[in-house]
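In UniProt numbering, the protein residues as written are 1 to 175.
Rendered as C-alpha cells:
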C-alpha cells in the first residue's frame with residue numbers, strides 16, 4: 001500500500017472516530033487532524049472538504065468488502081455486502097444518515113450500486129445508462145428507507161425487495 005493511500009485511510013478513520021463523538025455538522029478539519037496528530041495541510045493535500053473525505057471513506061470501505069468477482073459475476077452479492085456493511089457499522093451510518101453528511105452517504109451508496117448494475121452481465125437493459133441509473137437510485141432509496149426504519153429487516157430481506165424490483169423492471173415500450 002502506498003503512503004498516500006494509508007494517509008487517506010488514516011484521515012477517514014479519524015473522521016469516523018470524530019463522527020462517533022459529534023454530529024457531522026460539528027465536525028471540523030481541525031478536529032479530524034488533531035485526532036490524527038497531523039497538520040491541516042495534510043488534510044487539504046488529499047481532500048477539498050470533509051464531505052469529500054466522507055464520500056471517499058464510505059466508498060472505499062464498502063468496496064473493500066467487494067471482490068472483483070462480485071462486480072463481474074454477482075451484483076446480488078455486491079448489494080448484500082453493502083447492506084451487511086451498513087448493518088455492521090450501524091452507529092456510524094445512522095450518525096451520517098441523520099446529519100448533514102447524508103448527501104455523501106447517499107452518493108457513495110448510489111455510485112457503488114451504479115457500478116454493480118453497470119457491470120452486471122445477466123441484466124437485459126435496453127438503455128443501459130438510464131436503466132442502471134433507475135436501479136441504482138432505487139437501491140439507494142431502499143437503503144435510505146431501511147435506515148429510517150431502524151434496520152428492522154435483515155439485509156437479505158432488503159435484497160429480496162431489490163431483486164423483485166429488478167425482475168419486474170421493464171424498460172418503457174414508449175416511442
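The beta carbon of each residue, even a glycine, is placed where N, CA and C say it ideally should be.
**Message:** Which of the three DSSP states is assigned to residue 148 in this structure?
**Reply:** helix
**Prompt:** Is it a yes or a no for the region 141 to 159 touching the region 77 to 95, going by three-plus beta-carbon pairs under 8 Å?
**Reply:** yes
**Message:** Among the candidates 167, 160 and 168, whose CA atom is the shortest distance from the CA of residue 77?
**Reply:** 160
**Request:** Indicate the three-state DSSP secondary structure (helix, strand or coil) for residue 1 in the structure shown.
**Result:** coil
**Prompt:** Can the beta-carbon of residue 133 be found closer than 9 Å to that of residue 114?
**Reply:** yes
**Asked** Got a sec? Which residues, its chain only, sit under 7 Å from residue 107 by beta carbon, not counting five neighbours each side?
**Response** 55
**Message:** Within the continuous alpha helix (DSSP H) that includes residue 98, where are the two ends?
**Reply:** Taken as a continuous stretch (DSSP letters only), residue 98 belongs to no alpha helix (DSSP H), as it is neither H nor E.
**Message:** Out of 13, 139 and 5, which one is the CA nearest neighbour of residue 37?
**Reply:** 13
**Residues near residue 118 by beta carbon distance below 6 Å, same chain, minus five either side** = 132
**Item:** C-beta atoms of residue 15 and residue 32 nearer than 9 Å
**Value:** yes
**Message:** My output table needs one value for residue 72: the three-state DSSP class, helix, strand or coil.
**Reply:** Low confidence applies to residue 72: its pLDDT is 46, below 50, so where it sits in the model is not reliable enough to give any reading.
**Asked** What's the gap between the Cα of residue 30 and the Cα of residue 81?
**Response** 33 Å
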